[in-house]
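Visitor: Residue numbers (the numbering used here): 18 to 299.
Where is the CB? At the ideal position from N, CA and C, for every residue including glycine.
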Amino acid sequence: EGIEVHGGDAAIADLARIDADLTVAAITGMAGLMPVLNAVERGGVVAIANKESIVTAGALILEAAKKSGAVLLPMDSEHNAIMQAMVGQKPESIDRIILTASGGPFWDWSGEQMQSATPQQAVNHPNWSMGAKISVDSATMMNKGLEVIEAGVLFDLPEDRIRVMIHRQSLVHGIVCYRDGSMLAQMGDADMRVPISHCLAWPDRLDWQPEPLSLDALASMTFEQPDPDRFPCLELAREAMRAGGLAPTSLNAANEVAVEHFLNGSIGFLDIAGLNRHILDT
């Protein structure tokens, strides 16, 4: 008695309409779009860990948030870092932002080595514990490309004001560069509990006392430019962002299919970028 049972494809989307203090949108891929949109239309605080919904329907989601008064909190570590580094600042004072990327498991591999990369190797991320799909996206750097598009939507920035740096240690998660020469960086260990707890407690902070980042670790930090020749997916995402319209949606859909085929052994690792390029060019 008093228990509602929901089933079928629309069940999660229906549940997203129920009043809640906080909704966490963490469904991977396009399957998360309708629940995100329903939650935003309902209003309240929506923590978004589903970047695909922002990439493919960012304008709709922002418009829905404007109408309902919903507060959108990015839960991805990079976007959460940028949000924290922007607190109390005027948008016009921002020059650019920098998203960091670990480089994934294949950063030091040659193209020949990557040609024979297996799904098991691709999902073995050096720093983060993640699901299979996002781990493969990290290995191809499509994940960072989608994050560039997402950052453009969330922070109202054009593609040329969003930089990406390879930071193998994953200690600096995002940097906001201001017009007066100041740079504010959010740092912490590679632990998703940090951005998750930030969203769960917003606008406060949870006192869960994680192990603090050792300042000794900062001495060994490195930053490199991305390599578009070996990892073309990042530039493909930038092309889609510049093109606008349905280009980001088409690229995201193509990538989801390509990654699925790679994980089931139908195509090779480097074929993911090739299929994405084919769809973007058609």
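Mark residue 175 as exposed unless 16 or more other C-beta atoms lie within 10 angstroms of its C-beta, in which case mark it buried.
Guide: Along the sequence shown, read from residue 1 onward, the residue named residue 175 stands at position 158. When all chains shown are included, residue 175 counts as exposed.
Visitor: I'd like to know whether the C-beta atoms of residue 183 and residue 256 end up nearer to each other than 8 angstroms.
Guide: Position 166 of the sequence shown, counted from the first residue, corresponds to residue 183. Position 239 of the sequence shown, counted from the first residue, corresponds to residue 256. No, Cβ-Cβ distance for residue 183 and residue 256 is not below 8 angstroms.
Visitor: Take residue 271 as the anchor and find which of 261, 294, 259 has the nearest alpha-carbon.
Guide: Residue mapping note: residue 271 aligns to position 254 of the sequence shown, counting from 1. Looking at the Cα atoms, 294 is the closest of the given residues.
Visitor: Thinking C-alpha only, which one of 208, 252, 30 is nearest residue 146?
Guide: The residue given as residue 146 occupies position 129 in the sequence shown. Checking every option, the nearest Cα to that of residue 146 belongs to 208.
Visitor: Under 8 angstroms Cβ to Cβ from residue 168, same chain only, skipping five residues before and after it: list those, please.
Guide: By 1-based counting over the sequence shown, the position of residue 168 is 151. Hits under 8 angstroms: 95, 96, 99, 114, 116, 174, 179.
Visitor: For residue 43, does the three-state DSSP call read helix, strand or coil?
Guide: Looking up residue 43 in the sequence shown gives position 26. If DSSP states are grouped into helix, strand and coil, residue 43 belongs with coil.
Visitor: Mind listing, in chain order, the continuous alpha helix (DSSP H) runs of no fewer than 4 residues lying wholly within the segment 226-276?
Guide: DSSP runs (the alpha helix (DSSP H)) wholly in the segment 226-276: 250-260.
Visitor: Below 8 angstroms between beta carbons: does that hold for residue 276 and residue 181?
Guide: Here residue 276 refers to the residue found at position 259 of the sequence shown. Here residue 181 refers to the residue found at position 164 of the sequence shown. Not a contact, by the Cβ cut-off of 8 angstroms.
Visitor: State whether the segment 75-94 contacts the segment 202-217, with contact taken as three or more CB pairs (one from each stretch) at a distance under 8 angstroms.
Guide: These segments touch.
Visitor: Hey, residue 122 and residue 149: beta-carbon distance below 8 angstroms or not?
Guide: Taking the first residue of the sequence shown as position 1, residue 122 is located at position 105. Taking the first residue of the sequence shown as position 1, residue 149 is located at position 132. Result no, Cβ atoms of residue 122 and residue 149 do not sit closer than 8 angstroms.
Visitor: Report the CB separation of residue 157 from residue 71 in whole angstroms; it is logged as a contact under 8 angstroms.
Guide: By one-based count along the sequence shown, residue 157 stands at place 140. By one-based count along the sequence shown, residue 71 stands at place 54. Not confirmed; about 19 angstroms, so no contact.
Visitor: Do the segment 52-59 and the segment 29-44 meet, that is, are 3 or more Cβ pairs less than 8 angstroms apart?
Guide: These segments touch.
Visitor: Whole angstroms is fine: what's the gap from residue 210's alpha carbon to residue 69's?
Guide: Sequence index remark: in the sequence shown, residue 210 carries index 193 (1-based). Sequence index remark: in the sequence shown, residue 69 carries index 52 (1-based). Each residue's alpha carbon lies about 21 angstroms from the other.
Visitor: If you follow the alpha helix (DSSP H) that residue 211 is part of, which residue opens it and which one closes it?
Guide: Counted from its first residue, the sequence shown places residue 211 at position 194. Residue 211 -> alpha helix (DSSP H) spans 210-218.
Visitor: Once you ignore the five residues that flank residue 73 on each side, which residues in its own chain have a CB closer than 7 angstroms to its CB?
Guide: On the sequence shown, residue 73 is found 56 positions in, with the first residue counted as 1. The residues are 47, 50, 265, 266, 269.
Visitor: Between the Cα of residue 245 and the Cα atoms of 109, 87, 124, which residue gives the shortest distance?
Guide: Your numbering for residue 245 matches position 228 in the sequence shown. Of the candidates 109, 87, 124, the one whose C-alpha sits nearest the C-alpha of residue 245 is 124.
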